[in-house]
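>
2 protein chains.
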Amino acid sequence: HVRVTRALRPIFLVDCRYCGAVRRNLRQIFQSLPPFIDILLLLLFFMVIFAILGKNYFNTLENSLVSLFVLLTTANFPDVMMPAYSKNRWSCVFFIVYLSIELYFIMNLLLAVVFDTFNDVEKMKFKSLLLHKRSAIDHAFQLLVSRQRPMGVSLKQFDGLMRFYRPRMSARDRFLTYKALNTSGAPMLSLQDFYKFYEVTGLKWKARRSGEHWFDDLPHTTFLIFKGINLLVKSKAFQYAMYVVVAINGVWILVETYRLNKGVQNLIYLFTSTSTNSASVLSLSVYGVEVLLKISGLGPMAYFSSGWNLFDFSVTVFAFLGLIALAFNMEPFYFIVVLRTLQLLRLFKIKLRYRNVLDTMFELFPRMASLGLTLIIFYYSFAIVGMEFFADVVYPNCCNTSTVADSYRQINITFGNKTVLEEGYYYLNNFNNILSSFVTLFELTVVNNWYITMEGVTSMTSHWSRLYFMTFYIVTMVVMTIIVAFILDAFVFRMNYSRKNREPLDNPEDENGIVFEVEVSRDEALATLELYKQTCLGLSSLSSLQGVLQAMDRSGHSSLVYQGRRSRTKSDLSMKMYEEEIQEWYAEYSRENLPQLDQSLARELDSPGSEPSPFPEPQLNSQTGPHGIN
Amino acid sequence: HVRVTRALRPIFLVDCRYCGAVRRNLRQIFQSLPPFIDILLLLLFFMVIFAILGKNYFNTLENSLVSLFVLLTTANFPDVMMPAYSKNRWSCVFFIVYLSIELYFIMNLLLAVVFDTFNDVEKMKFKSLLLHKRSAIDHAFQLLVSRQRPMGVSLKQFDGLMRFYRPRMSARDRFLTYKALNTSGAPMLSLQDFYKFYEVTGLKWKARRSGEHWFDDLPHTTFLIFKGINLLVKSKAFQYAMYVVVAINGVWILVETYRLNKGVQNLIYLFTSTSTNSASVLSLSVYGVEVLLKISGLGPMAYFSSGWNLFDFSVTVFAFLGLIALAFNMEPFYFIVVLRTLQLLRLFKIKLRYRNVLDTMFELFPRMASLGLTLIIFYYSFAIVGMEFFADVVYPNCCNTSTVADSYRQINITFGNKTVLEEGYYYLNNFNNILSSFVTLFELTVVNNWYITMEGVTSMTSHWSRLYFMTFYIVTMVVMTIIVAFILDAFVFRMNYSRKNREPLDNPEDENGIVFEVEVSRDEALATLELYKQTCLGLSSLSSLQGVLQAMDRSGHSSLVYQGRRSRTKSDLSMKMYEEEIQEWYAEYSRENLPQLDQSLARELDSPGSEPSPFPEPQLNSQTGPHGIN
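From first to last, the protein sequence lines are chains A and B.
Mapping of the first sequence onto the UniProt record's numbering: position 278 corresponds to residue 278, and the numbering continues sequentially without gaps.
Mapping of the second sequence onto the UniProt record's numbering: position 278 corresponds to residue 278, and the numbering continues sequentially without gaps.
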């Protein structure tokens with residue numbers, strides 16, 4: 001019996017907590033499917049017309065259809081035309097017209113349609129999330145305002161909300177969040193203040209460092225030395241000097257590679273030759289000194305918070321490891337040596353466009369990884385089906401009845417006294433085990449010569465096997481189109497953003513993400529402490545507030561500034577990008593929803609009973625409380 | 001001696017009047033080049049790193065580089081991996097990583113960068129054109145306002161301008177243009193009125209037809225018949241009935257094709273078999289009746305103004321021609337018979353998305369054609385160079401020293417008493433004459449197996465020949481990327497437009513293009529005639545105005561409505577798309593330019609001298625006058 005249900009196993013895999021991104025990708029793929037299928041039908045329609053029209057060039061209609069399907073992937077291109085072309089030179093017109101319409105027009109239209117749907121779905125998702133948040137805030141505000149203060153939310157009420165919404169947040173952070181929202185200085189939050197709730201609620205709070213540099217508190221002489229290093233590593237001259245070193249090093253590597261280009265296996269030799277070695281030791285020491293200077297000049301925190309510095313650091317460390325590996329002749333690690341060339345990538349930092357491209361690359365990485373995972377899940381399903389039906393069907397010298405027999409041949413040919421093994425190798429592209437299947441499927445994804453594998457398997461099984469390969473082609477086409485659309489979208493979005501704001505995304509301010517600053521005076525801190533004591537919270541939750549007072553005592557200032565930080569998300573960028581449209585959406589939303597909100601608000605305030613209770617004391621130890629809505 | 005300068009001949013070709021679109025394409029290609037080259041460098045950088053890293057798999061560094069370059073096009077994909085893969089299964093990781101980074105990431109980034117540049121260039125071009133027009137209008141207004149009427153332009157001044165700007169425009173049209181601009185009803189044009197100048201100036205003016213249908217003036221009985229036909233062909237039921245006919249016809253063709261699928265050359269038989277023939281005669285008569293009904297119901301003018309109707313009409317006519325060709329057994333025209341299947345394309349009209357796609361297709365056609373022409377010009381240059389260097393270098397059984405000798409083989413193999421010609425055919429892909437060169441270059445454009453041609457030619461000449469093929473690959477990559485970016489842009493623009501305006505672009509109102517209506521009363525026409533007589537124009541230019549009065553006399557109305565029409569251009573769509581941004585651009589422009597304009601305006605009005613003269617009498621017969629600025 002055939003056990004194809006195993007192919008459905010990935011469904012269980014996807015339905016776990018860690019596969020959220022994969023589920024999102026699958027949803028996106030399914031949302032893009034209807035327009036995709038529409039254009040696919042158009043594609044197939046023209047294919048059928050051309051198959052009927054070009055039947056003279058192929059023997060049967062089935063042949064004609066299969067050949068034109070493969071031609072769509074260009075995998076059989078000049079070959080499929082050659083016999084007809086050798087008979088009549090004008091027959092090339094048929095193939096050229098077919099390819100121009102199908103490959104160069106409709107296939108691009110396919111990409112356009114998917115890209116467009118993708119774009120639209122992303123924007124609609126953003127819009128609905130935004131309006132959901134606004135509606136949540138409206139409702140929360142309505143529940144929180146009291147009869148005494150119908151226009152705003154007091155700290156007491158807000159604190160009750162936060163204890164429910166984020167049970168693990170400390171009392172200090174709850175207070176600081178309230179302060180961050182409260183821009184007017186009034187003793188309560190207006191609805192306008194409250195609308196910023198989702199921007200502020202994820203911040204990590206920290207007392208602002210008093211000084212600018214990490215070495216400000218050191219003795220004067222040391223301070224001057226570090227200040228000098230700091231100015232040095234921040235100077236343009238230092239930067240360009242490093243670029244020059246990298247460039248010279250790069251040229252050196254290339255020259256050496258050409259000079260010692262003496263056949264196989266000289267790679268190790270190349271990187272162990274004395275001249276290269278001394279040069280690489282030299283350049284590596286320069287890089288090492290640079291890393292040390294930067295770390296000491298900027299401080300470890302500032303240094304490692306930049307992606308580019310992290311990249312420099314890891315490449316330099318790898319190069320050192322490679323040098324050690326060479327010194328001890330550890331062959332398996334020789335590939336680390338070659339990573340040294342990645343240093344050259346630093347040169348690309350000079351130009352803004354490369355910075356944009358490489359930043360986009362880093363930014364895309366998590367999404368690309370999840371798309372890769374999605375692809376692997378499809379691979380897995382197809383691999384299971386392939387192993388079930390096609391395991392062990394191809395082997396050396398099989399497929400003699402097909403037109404691709406040559407590619408599966410493995411024979412010894414004797415020329416005089418010399419025996420040469422002529423190999424077609426394609427029997428290696430089989431479905432014998434899961435790893436071979438994955439490699440075979442990757443080859444099918446790359447598309448070139450995929451029909452050799454298809455025809456080989458088909459000749460050993462039945463011609464229904466083609467269905468498997470064609471289905472796989474279409475599925476990977478969908479996923480690949482989504483990947484292209486995704487890269488396009490991310491890149492174009494980023495470029496438009498930096499154009500709109502006339503600043504590159506990677507300027508220092510942006511690198512720090514979103515920053516809010518709140519100043520807390522001694523009196524305020526004391527008043528809040530009193531308030532919290534009244535609401536009878538446990539002492540443990542008060543300690544964080546008492547910490548604030550202690551910090552004030554230590555520093556001797558009467559007020560302290562706290563900074564709340566979080567990294568910039570796609571949603572923040574979208575907020576800026578769609579600024580005008582967002583105002584329209586809000587206006588539309590208000591027209592539809594606010595009247596009824598106002599009414600229910602009025603009803604609530606009219607209803608008898610005292611001030612609507614602040615939230616009841618939440619069970620801080622309970623695991624069932626809501627942990628935040630994202 | 002080598003005559004490669006012939007390859008530069010297309011430069012003269014491009015520099016002619018009819019190649020404006022090609023020049024625009026070339027400009028766009030050159031504008032996209034800098035970002036393109038940037039990403040190309042990144043691509044080559046990774047290629048070099050992988051070439052050094054993977055030298056073990058290839059013999060020399062040159063081999064390694066060439067193989068990885070070809071691998072980038074996937075043309076040698078599984079083959080280049082197979083020898084290493086057969087030795088060590090894990091070597092596939094190298095190739096998979098290389099393809100993932102280079103092909104699936106950076107190549108897509110290349111498309112993204114070109115698409116983004118393309119988009120931005122289009123928008124900037126639109127913006128600068130728009131601001132130029134506004135500045136032209138500002139200056140013209142300044143020149144036209146007189147001391148007596150500092151706030152506006154009178155008909156007299158406006159007429160003077162138009163006689164200069166459009167010498168061939170009739171007096172009536174100049175007057176109607178003035179009326180179309182003058183929305184306030186005041187006796188002069190304000191600056192705000194004048195800003196619409198470029199929207200109104202290209203209109204074609206016609207008296208509005210009194211009735212709705214072409215048959216309104218026919219006798220009552222005939223009118224009723226045509227009215228009935230009109231209602232019938234406009235009804236949903238009629239439309240869907242036609243779809244059903246088309247669908248049945250399509251199914252019939254497919255079934256017959258499969259049923260009679262008996263090998264080569266039965267195509268003619270298929271389309272001449274009795275059952276098919278009677279079916280096709282039946283369906284064709286249905287289509288014919290439909291065409292006649294529609295023409296009579298809608299009137300020929302309305303019928304042929306729709307692109308879809310034109311398509312229906314021509315397909316039906318072709319099918320009739322095919323039937324006649326069959327009846328007289330004219331074999332060379334059999335391909336017309338197959339065009340009958342194009343009728344099925346009508347089914348795609350049902351769905352909005354297909355209408356959008358197909359409309360975009362029709363809209364793109366002129367641009368695609370000019371892009372195709374651009375490509376052909378590149379082909380021509382490369383063909384000349386190719387013919388100069390590679391003419392007659394490949395022939396049957398050549399290239400024995402290369403790895404692709406098999407593809408050039410042409411030998412007779414004898415199995416027992418049967419002799420089989422084994423042909424590689426690739427010697428047909430040569431540069432012996434211009435036509436062969438073009439076909440060879442198209443094959444190189446499609447990319448698949450292009451390295452066989454490259455290696456064949458290289459083995460018969462020097463390895464510097466590879467430079468030619470690689471350069472060609474990169475050039476076509478640029479052009480193809482532009483084509484993809486262009487299709488993407490056009491489609492996404494169209495979809496965004498119809499989304500923004502919540503109406504498909506192809507609704508009847510839009511199909512009519514831009515329409516302005518102006519009502520002219522008898523008194524106005526007389527007054528204008530008087531004014532024109534005063535300015536001493538020749539009688540010939542007054543006849544068009546007298547025509548208006550005569551038309552009023554004939555119809556017996558005291559006023560006449562004129563309609564000005566023109567087709568909707570991309571600029572009109574852009575105006576709607578970028579509505580908000582345009583306001584910003586204008587505001588920015590006013591801040592920068594208006595103060596100085598106001599000053600010069602004030603200076604002008606203060607300067608001594610009478611009313612600034614209306615334009616001097618233009619020489620209507622002179623051929624050197626400006627014919628309009630576009």
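Ideal Cβ placement from N, Cα and C applies to all residues, glycine included.
For leucine 109/A, return the contacting residues in chain B, with the cut-off set at a CB-CB distance below 7 Å.
Within chain B, Val357, Ile487, Phe491 have C-beta atoms less than 7 Å from the C-beta of leucine 109/A, given in sequence order.
> What residues are listed by DSSP as bridge partners for serine 521/B?
Ser559/B
> Could you tell me the alpha carbon to alpha carbon distance between leucine 292/A and leucine 345/A, rounded to whole angstroms?
Taking the straight line joining both Cα atoms gives about 20 Å.
> Please list, in chain order, the chain B residues whose beta carbon lies closer than 7 Å to that of alanine 112/A.
Ile487, Leu488, Phe491, Val492
> If you count every other CB in all the chains shown that lies within 10 Å of the CB of glutamine 192/B, and 16 or more means buried, which is it?
Exposed, by the Cβ-count rule.
> With the cut-off set at 9 Å, would you say phenylalanine 197/B and valine 520/B are in Cβ contact?
no
> In the DSSP assignment, find the unbroken alpha helix (DSSP H) run with glutamate 62/B in it and report its ends.
61-72
> What runs of the beta strand (DSSP E), each 3 residues or longer, lie entirely inside the segment 391-426 of chain A?
410-415, 418-423
> Does alanine 207/A come out as helix, strand or coil in the three-state DSSP assignment?
strand
> Considering only the alpha carbon of each residue, which of Val97/B, Asn108/B, Leu352/B, Trp205/B lies closest to arginine 499/B?
Leu352/B
> Of the choices Arg566/A, Thr440/A, Leu549/A, whose alpha-carbon is the least far from that of serine 558/A?
Here the closest residue by C-alpha is Leu549/A.
> Output yes if chain E places a C-beta closer than 9 Å to the C-beta of proline 300/B; else output no.
The structure shown contains no chain E; its protein chains are A and B.
> So, at 6 Å on beta carbons, what are the nonlocal neighbours of threonine 445/A in its own chain, with the 5 sequence-adjacent residues on each side left out?
Thr476
> Find the nearest neighbour of lysine 294/A within the set Leu326/A, Leu232/A, Asp79/A, Thr201/A, judged by alpha-carbon distance.
Leu232/A
> Looking at C-alpha atoms only, which residue of Ser436/A, Gln142/A, Leu371/A, Asn249/A is the closest neighbour of isoleucine 482/A?
Comparing alpha carbon positions, the residue from Ser436/A, Gln142/A, Leu371/A, Asn249/A closest to isoleucine 482/A is Leu371/A.
> Could you pull out every residue in the same chain whose Cβ sits closer than 7 Å to the Cβ of methionine 162/A, ignoring the five residues on either side in sequence?
Met169, Arg174, Thr177
> Does leucine 33/A get closer than 9 Å to chain B when you measure Cβ to Cβ?
no
> Going by other Cβ atoms of all chains shown within 10 Å of its Cβ, with 16 needed for buried, is phenylalanine 304/B buried or exposed?
exposed
> I believe valine 357/A touches leucine 323/A by the beta-carbon criterion, under 8 Å. Please report the beta-carbon distance rounded to the nearest angstrom.
With 8 Å as the limit, valine 357/A and leucine 323/A do not qualify as a contact, their Cβ atoms being about 30 Å apart.
> Hey, how far is the Cα of isoleucine 487/B from the Cα of phenylalanine 30/A?
24 Å
> Would you kindly work out how many angstroms separate the C-alpha atoms of cysteine 16/A and arginine 591/B, rounded to a whole number?
Answer to the nearest angstrom: the Cα atoms are 58 Å apart.
> Note down the Cα distance separating proline 616/A from asparagine 119/A, rounded to an integer number of angstroms.
Its pLDDT being 47, under 50, proline 616/A is placed unreliably by the model, and the measurement read from it follows with that caveat. Taking the straight line from one Cα to the other gives about 44 Å.
> Let's see if you can read the secondary structure: which residues bound the alpha helix (DSSP H) around serine 305/B?
Premise fails: serine 305/B is in no alpha helix (DSSP H) and is neither H nor E.
> Quick one, which of Leu441/B, Ser86/B, Asn397/B, Val515/B has its alpha-carbon nearest glutamate 423/B's?
Of the candidates Leu441/B, Ser86/B, Asn397/B, Val515/B, the one whose C-alpha sits nearest the C-alpha of glutamate 423/B is Asn397/B.
> Tell me the DSSP secondary structure of arginine 566/B in three-state form.
strand
> Taking the alpha-carbon positions, what's the tyrosine 562/B to leucine 529/B distance?
17 Å
> The alpha helix (DSSP H) with residue 647/A in it runs from where to where?
Chain A is shown only over 1 to 630; residue 647/A falls outside these bounds and no answer can be derived.
> Using C-beta distances below 7 Å, list every residue in its chain close to glycine 263/A, excluding the 5 sequence neighbours before and after it, in chain order.
Bear in mind that a pLDDT of 43 at glycine 263/A, under 50, signals an unreliable position, so the number given afterwards is only what the model happens to contain. Excluding sequence neighbours, glycine 263/A sits near nothing in its chain.
> Per DSSP, which one or two residues make a beta bridge with leucine 189/B?
Val153/B
> Within the 9 Å Cβ cut-off, does glutamate 122/B reach chain A?
no
> Are the segment 430-449 of chain B and the segment 384-392 of chain B in contact at 8 Å, needing three or more beta carbon pairs?
yes
> Relative to the alpha-carbon of leucine 241/A, which residue among Phe328/A, Leu347/A, Thr221/A has its alpha-carbon at the smallest distance?
Correcting the residue identity first, residue 241/A is alanine in this sequence and not leucine. Ranking the options by Cα distance to alanine 241/A, first place goes to Leu347/A.
> Which residues in chain A sit within 7 Å of threonine 74/B, going by Cβ to Cβ distance?
Val446, Val447, Asn448
> Which of the three DSSP states is assigned to valine 145/B in this structure?
coil
> Using C-beta distances below 6 Å, list every residue in its chain close to isoleucine 377/B, excluding the 5 sequence neighbours before and after it, in chain order.
Hits under 6 Å: Pro10.
> Closer than 9 Å by beta-carbon distance: list the chain B residues that pair up with residue 635/A, in chain order.
This structure cannot settle anything about residue 635/A, because the visible part of chain A is limited to 1 through 630.
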